[in-house]
Amino acid sequence: MLTAIDLGRFASETIIKDSLTVRADLFSNVDAVLDFLLKHLNKGYIISGKAQRMERWDYPMDALREIVINMIVHRDYTSSSEAIIKIFDDHIEFYNPGKLSGGLSVKQLLAGNYTSSIRNKQMATLFKEAGLIERYGSGIKRILESFAKHDLNPPLFEELQEGFRVIVNRTTQKTTTREQVLEFLQINPNMTRSELSLQLSRSENTIKEHLAKLKSEGRLKRIGSDRSGSWMVVSDEG
2 MLTAIDLGRF
12 ASETIIKDSL
22 TVRADLFSNV
32 DAVLDFLLKH
42 LNKGYIISGK
52 AQRMERWDYP
62 MDALREIVIN
72 MIVHRDYTSS
82 SEAIIKIFDD
92 HIEFYNPGKL
102 SGGLSVKQLL
112 AGNYTSSIRN
122 KQMATLFKEA
132 GLIERYGSGI
142 KRILESFAKH
152 DLNPPLFEEL
162 QEGFRVIVNR
172 TTQKTTTREQ
182 VLEFLQINPN
192 MTRSELSLQL
202 SRSENTIKEH
212 LAKLKSEGRL
222 KRIGSDRSGS
232 WMVVSDEG
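FYI, in this note's numbering the residues of the sequence shown are 2 to 239.
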């Protein structure tokens, strides 16, 4: 089965530096997408005291591979929408047609409190037999563990319109909770307090306090009503 994924390297939200549409068989798609990602990511080296230097990419590549495989396996192929990957200077967005299946919520997904429900069982079986999926339902846990080992904050997982989006960023774990709130709201101004609480593993009261402090400092503004409005992150330049 041939599947298509649109990829782009963005200089800004409206300026595209490079683009590619990958349309191939399942396994070739994974390799082609990863090749495009590597083309536009930076690689550094870690001096460990051993004879050889260790390579270190901006992001854990095993986690990015897992995200791409999940896109293919869990995609809603009856949807007319496209699977899209956008690479920016400081983050990558993975959008896939099809919300979480089987009534699964993002909260259950992150907590690991669910029984795996696979939309495309035959595809999942092919990847499992090829050794690219260890066991059903363990992918999110491995992604989170990989980002933690890479000293990066966890990705943002969210349902968006009729699909599902994962956003990974290069923010290190040393970043404060308050700065993480700003980063999440910069990417998605419509995030609610409960969604921030879930993504950052902080209580809603803690998130409420951070939001209030950021507003009082003039670093965050509320646009519209508390119930249906959105947030605007105020730049240092005002």
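The beta-carbon is built from N, C-alpha and C at its ideal position, and this holds for glycine as well.
query, result
"For the alpha helix (DSSP H) that contains Arg194, what are its first and last residues?", "Arg194 to Leu201"
"Given Ile88, which residues of its chain have a CB within under 6 Å of its CB, disregarding the five upstream and five downstream residues?", "Arg10 and His41"
"What is the DSSP secondary structure of Gly239, reduced to helix, strand or coil?", "Caution applies to Gly239, whose pLDDT of 44 falls short of 50 and renders its modelled position unreliable; the value that the coordinates give is listed next. DSSP places Gly239 in coil when its eight states are reduced to three."
"Comparing alpha-carbon positions, which option in Gly99, Ile17 and Leu105 lies nearest Asn121?", "Gly99"
"Would you tell me roughly how many angstroms separate the C-alpha atoms of Glu160 and Asp77, rounded to the nearest one?", "13 Å"
"Taking the alpha-carbon positions, what's the Asp19 to Phe37 distance?", "10 Å"
"On the DSSP letters alone, give me the boundaries of the beta strand (DSSP E) that Glu163 sits inside.", "Here Glu163 belongs to no beta strand (DSSP E), and DSSP marks it neither H nor E."
"Taking C-beta to C-beta, are Phe158 and Leu111 nearer than 9 Å?", "yes"
"Taking just the CA atoms, how far does Lys129 sit from Gly104?", "23 Å"
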